[in-house]
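Structure, as structure tokens:
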Amino acid sequence: MSEELRELYQEVILDHSKRPRNFRALPEASQAEGFNPLCGDRATVFVDLQDGTVKDASFVGSGCSISTASASMMTEAVKGKSAAEAEELFQRFHALITAPPDQAGGAHPELGKLAVFAGVCEFPVRVKCASLPWHTLKAALQGAGATVSTE
Amino acid sequence: MSTPKVAPAPASAPDAPFDVERIRADFPILRQQVHGKPLVYLDSANTAQKPQAVIDAESRVYREIYANVHRGVYDLSMKAEKAFEGARHTVQRFLNAPEAREIVFLRGTTEAINLVAHTFGRQRVKPGDEILISGLEHHSNIVPWQLLCEQTGGVLKVAPITDEGEIRLDELERLLSPRTRLVSVGHVSNALGTVNPVRRIVEMAHAQGVPVLVDGAQGVPHLPVDVQALGCDFYAFSGHKAFGPSGIGALWGRASLLEAMPPFHGGGDMILSVTFEKTTYNVIPYKFEAGTPNIAGTIALGAALEYLAGIGMDRIAAYEHELLAYAHDALREVPGLRFIGTAREKAGVVSFVLEGVHPHDMGTVLDYEGVAIRTGHHCAQPVMERFRVPATARASLALYNTRGEVDALVAGLHKVREMFA
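Those sequence lines, one after another, are chains A and Z.
First residue of the first sequence: 313, per my numbering; consecutive thereafter.
First residue of the second sequence: 7, per my numbering; consecutive thereafter.
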């Protein structure tokens with residue numbers, strides 16, 4: 313297998329795509345639906361925001377290994393974070409997967425396990441797969457914020 | 007000086023065996039490697055590659071005869087016009103259309119269907135009137151009719167398809183009503199490869215006095231097309247799927263229908279006289295060809311059809327039929343593979359899913375084997391919904407594909423399974 317493919321499909325990513333974590337609905341939580349019209353992938357992201365902190369996050373839907381693993385690892389990564397911290401994490405994650413070739417590589421301690429998605433930047437058409445769950449999370453968080461403000 | 011000759015020598019004589027290697031040699035792009043592997047291009051239903059004859063025809067226009075058409079009194083312009091109108095005759099012959107003036111050059115199938123929706127449709131569809139399509143259609147044979155219905159108060163009716171991916175003719179016949187103004191169906195399904203029984207559908211529709219448009223985007227590259235034998239009233243196709251340039255295609259329509267239709271776009275070329283009080287429209291087909299057309303593209307489209315005719319559409323169809331059967335047999339051996347679309351009559355397309363593997367991942371891994379396939383919904387989301395899949399992998403075949411390439415696809419799928427399944 314080529315080096316780039318190995319970079320993209322790391323063991324951790326394959327593991328999360330085959331056995332996604334937090335793959336369930338949270339009917340009471342704020343939610344948003346993400347749709348990639350290019351490939352027909354759908355993800356509904358649920359986020360239970362309490363006192364400004366993500367108490368729980370989950371997702372359901374169907375997608376490729378990259379989007380499923382991204383959603384799975386995202387729901388793990390944002391638990392316990394504030395909405396602002398989750399959005400900041402998204403920005404860093406997005407910078408990682410869209411890095412220009414000359415800036416790819418290097419350590420990303422602030423991203424923790426999410427750094428395994430570094431290989432995505434070699435596959436521009438797959439960036440949307442990895443970022444779809446995060447865009448959806450952002451929408452769900454904004455929905456959660458709105459719910460909080462009306463109460 | 008004569009106009010450039012666009013008809014190339016046939017790749018092989020009519021009675022000789024189909025020499026795919028000789029045909030491949032006509033397509034320079036196929037000689038390359040991708041990720042260190044020979045390119046295996048299995049995405050011709052998306053867009054097809056171009057033979058040297060087409061590349062040469064387009065460049066020859068710019069090198070030797072380029073000028074505007076229908077305007078000039080000078081030598082160069084007349085040469086350009088002769089070649090441009092020559093392409094119209096080529097399309098006429100290729101479709102066996104009764105008259106060249108029934109061929110309208112447009113950007114492609116999408117624009118052709120939109121033309122009929124905007125002109126024929128707006129003229130004839132009143133509130134409550136119906137347009138009848140099938141559940142097998144490409145978005146470009148759905149959305150223009152939805153737009154028309156929104157604008158006119160018309161109603162879009164859809165004949166369902168079977169689990170095999172064939173149009174339910176009994177349902178189609180039942181849905182034909184005194185309110186039906188047009189039936190619009192594909193010749194060959196881009197998503198599943200189903201060859202629709204167009205002649206039978208035309209008979210049903212004509213029995214009720216309803217005209218029929220055929221979306222021939224996937225028909226022209228794979229099957230001999232004879233619009234008179236099909237009996238349809240409009241036939242639309244795209245150049246880029248038929249080994250010609252992108253951005254050019256054609257609509258054939260019966261002269262009596264085209265003449266009764268209002269113009270599509272207003273502008274130069276589509277008029278006879280213009281005053282601020284009244285404009286007199288040009289005769290067909292020019293009434294529908296406003297503005298300077300895609301001159302070189304049109305001439306190169308003619309070259310593409312000459313190329314196909316030189317080989318013979320019957321021989322191409324027979325070769326592809328055999329290759330498609332080989333592909334089905336070879337793919338059936340891949341564990342966990344399920345075909346989407348198993349119609350009795352198919353052309354050019356194998357759509358499938360692999361258990362536990364998303365088509366996108368398949369596409370990425372196959373790319374590293376040099377194999378290019380389409381993954382996704384193929385601009386036919388209702389078809390995907392019908393089969394309850396978000397997407398499929400689609401390998402599409404053309405005259406330049408080989409059994410060896412099918413084998414490369416199968417080998418690639420085994421690697422995909424090793425990784426994901």
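Just so it is clear, CB atoms sit at the ideal spot from N, CA and C, and this is done for glycine as well.
Verify whether the separation of the beta carbon atoms of residue i and residue j is less than 8 Å.
| i | j | result |
| --- | --- | --- |
| A/L453 | A/D353 | no |
| Z/V359 | Z/L330 | no |
| Z/V60 | Z/A333 | no |
| A/A442 | A/V432 | yes |
| Z/F90 | Z/T304 | yes |
| Z/M267 | Z/Q129 | yes |
| Z/I3 | Z/S146 | A question about residue 3 of chain Z goes unanswered here, because the residues of chain Z that appear run from 7 up to 427. |
| Z/N196 | Z/H246 | no |
| Z/Y374 | A/L317 | yes |
| Z/A93 | Z/A73 | no |
| A/S377 | A/L326 | yes |
| Z/G259 | Z/E108 | yes |
| Z/R380 | Z/I254 | no |
| Z/G274 | Z/A296 | yes |
| Z/A235 | Z/F111 | no |
| Z/L121 | Z/F270 | yes |
| Z/D239 | Z/R187 | no |
Going by the DSSP bridge assignment, what does residue i pair with across the sheet?
| i | result |
| --- | --- |
| Z/Y287 | Z/I277 |
| Z/L112 | Z/G255 |
| Z/V189 | Z/L138 and Z/V218 |
| Z/I379 | Note: Z/I379 sits in no beta bridge, so no partner. |
| Z/P44 | Z/Q39 |
| A/F360 | It is Asp, not Phe, that sits at residue 360 of chain A in the sequence shown. Its beta-bridge partners are A/D368. |
| A/F335 | A/F371 |
| Z/I173 | Z/I167 |
| Z/S244 | Z/G255 |
Suppose you measure from the CA of residue i to the CA of residue j; what does that come to, to the nearest Å?
| i | j | result |
| --- | --- | --- |
| Z/K352 | Z/P396 | 22 Å |
| A/T448 | A/V428 | 20 Å |
| Z/A315 | A/E345 | 50 Å |
| Z/S190 | Z/V149 | 12 Å |
| A/S298 | A/G424 | Outside the shown range of chain A (313 to 463) lies residue 298 of chain A, about which nothing can therefore be said. |
| A/K393 | A/M386 | 11 Å |
| A/H328 | Z/M390 | 26 Å |
| Z/A324 | Z/T200 | 16 Å |
| A/A458 | A/V359 | Note on A/A458: pLDDT 39, under 50, position unreliable in the model; the coordinate value appears next. When rounded, the distance between both Cα atoms is 13 Å. |
| Z/G222 | Z/G342 | 33 Å |
| Z/I29 | Z/V231 | 21 Å |
| A/S384 | A/L426 | 10 Å |
| Z/F249 | Z/V26 | 16 Å |
| Z/G1 | Z/F294 | No answer is possible for residue 1 of chain Z: the residues shown for chain Z start at 7 and end at 427. |
| Z/P184 | Z/V161 | 13 Å |
| Z/E70 | Z/Q55 | 24 Å |
| Z/I290 | A/K330 | 59 Å |
Identify the continuous alpha helix (DSSP H) that holds residue i and give its terminal residues.
| i | result |
| --- | --- |
| Z/Q157 | V149 to T158 |
| Z/E27 | V26 to R30 |
| Z/Y4 | Summary: the structure shown does not reach residue 4 of chain Z, with chain Z confined to residues 7 through 427, and so no result is reported for it. |
| A/G346 | Per DSSP, A/G346 belongs to no alpha helix (DSSP H); it is in the beta strand (DSSP E), S342 to N348. |
| A/F405 | A395 to I409 |
| Z/A103 | Run containing Z/A103: none; DSSP gives neither H nor E here. |
| Z/L307 | I301 to I317 |
| Z/A266 | A261 to A266 |
With residue i as the anchor, note down where its beta strand (DSSP E) starts and where it stops.
| i | result |
| --- | --- |
| Z/T408 | Run containing Z/T408: none; DSSP gives neither H nor E here. |
| A/K367 | T365 to S374 |
| Z/L360 | V355 to L360 |
| Z/L343 | L343 to F345 |
| Z/S477 | An answer regarding residue 477 of chain Z cannot be provided, because it is not within the stretch 7 to 427 covered by chain Z. |
| A/S384 | Per DSSP, A/S384 belongs to no beta strand (DSSP E); it is in the alpha helix (DSSP H), S377 to V390. |
| Z/A296 | From DSSP, Z/A296 is part of no beta strand (DSSP E); its letter is neither H nor E. |
Cβ closer than 7 Å: which chain A residues qualify as neighbours of residue i?
| i | result |
| --- | --- |
| Z/H364 | G375, C376 and S377 |
| Z/D367 | C376 and S377 |
| Z/M84 | The premise fails here: Z/M84 is roughly 46 Å from chain A at the closest Cβ pair, so nothing lies under 7 Å. |
| Z/M390 | G352 |
Any heavy atom of the ligand ADP within a distance shorter than 7 Å of the CB on residue i?
| i | result |
| --- | --- |
| A/D353 | For the structure depicted, the ligand ADP is absent and the ligand set is empty, with no information on it obtainable. |
Which residues of chain Z have a Cβ atom closer than 8 Å to the Cβ of residue i, listed in chain order?
| i | result |
| --- | --- |
| A/F347 | Here the premise fails: no neighbours, minimum Cβ distance about 10 Å. |
| A/F435 | T370 |
| A/L317 | T370, V371 and Y374 |
So residue i contacts chain A; which residues on that side make the cut at Cβ distance below 8 Å?
| i | result |
| --- | --- |
| Z/A397 | C351, G352 and D353 |
What does residue i touch in chain Z if you count any residue whose Cβ is under 7 Å from its own?
| i | result |
| --- | --- |
| A/S314 | H41 and Y374 |
Can you pull the chain A neighbours of residue i, defined as C-beta to C-beta under 9 Å?
| i | result |
| --- | --- |
| Z/Q387 | P349 and G352 |
| Z/H383 | P349, L350, C351 and G352 |
| Z/F426 | Y321, L326, S329, K330 and S377 |
When the cut-off is 8 Å and only beta carbons count, does residue i lie next to chain B?
| i | result |
| --- | --- |
| A/R438 | The structure shown contains no chain B; its protein chains are A and Z. |
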